[in-house]
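K.L.:
Have a look at this one.
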Amino acid sequence: MASAVGQQMKQIGEAVNGYINIRYDKLSTLSNAAGTGTDPGPRTCSGSVCEITYQTLINEGLLLSTYTGTNANKSSYKIILKRDGTSPNYVINGLITTSTAWIEGGKTRYDLLGKAMQTAGIDSGMTKTTSIASGHSGQWSETSANFNNITSA
């Protein structure tokens, strides 16, 4: 199951990267989208952050319409996109988190998370605290001060 979860993480990550590419202009101006017209959304922006959902990615044609929004571990996703830098060269960084920890027998299964991360690739990561997410092989880290979807270990 870890490989399946990793493949699903990779799939949604690639869809989010595609979304950033096609909606960069709207993300850089932090524009909301209600889910109608040529910018199908939904996308909600506040401060320097926009939140989208898996439905946004379906509406854009980046995920199949049959996509359920949960992975093989029955965990849903929260997708936050943050604008950094200065105009006109903004950088849009994204962080996708799952809603539930991978716990079996009362213990967090870091071994299965590691396997899922290997399958998902270099952009994947995990939380071990409620305030820091760390990337595969220490390639990156983010804090809950920057991304409000870092909430649990």
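Sequential numbering from 123 applies to the sequence shown in my numbering.
No residue lacks a Cβ here, since even glycine has one placed at the ideal position from N, Cα and C.
Being a predicted model, the structure only gives us computed values, none of them experimental.
I need the DSSP call for residue 221, collapsed to helix, strand or coil.
P.N.:
Coil.
K.L.:
Can you have a look at residue 264 and say buried or exposed, based on whether 16 or more other CB atoms are within 10 angstroms of its CB?
P.N.:
Buried, because 16 or more other Cβ atoms sit within 10 Å of the Cβ of residue 264.
K.L.:
Does the distance from the C-beta atom of residue 199 to that of residue 208 stay below 9 Å?
P.N.:
No.
K.L.:
Over what stretch of residues does the beta strand (DSSP E) that includes residue 251 continue unbroken?
P.N.:
Here residue 251 belongs to no beta strand (DSSP E), and DSSP marks it neither H nor E.
K.L.:
Report buried or exposed for residue 235, applying the criterion of at least 16 other Cβ atoms within 10 angstroms of its Cβ.
P.N.:
The residue in question, residue 235, is buried, as its Cβ has 16 or more Cβ neighbours within 10 Å.
K.L.:
I need the boundaries of the alpha helix (DSSP H) containing residue 241, first residue and last residue.
P.N.:
It spans 232 to 242 - the alpha helix (DSSP H) in which residue 241 sits, taken as one unbroken run.
K.L.:
Please list, in chain order, all residues of the same chain as residue 185 whose beta carbon is under 7 Å from its beta carbon, the five residues on each side excluded.
P.N.:
Closer than 7 Å at Cβ, skipping near neighbours: 137, 176 and 179.
K.L.:
Give me the DSSP bridge partner(s) of residue 214.
P.N.:
BP columns for residue 214 point to 205.
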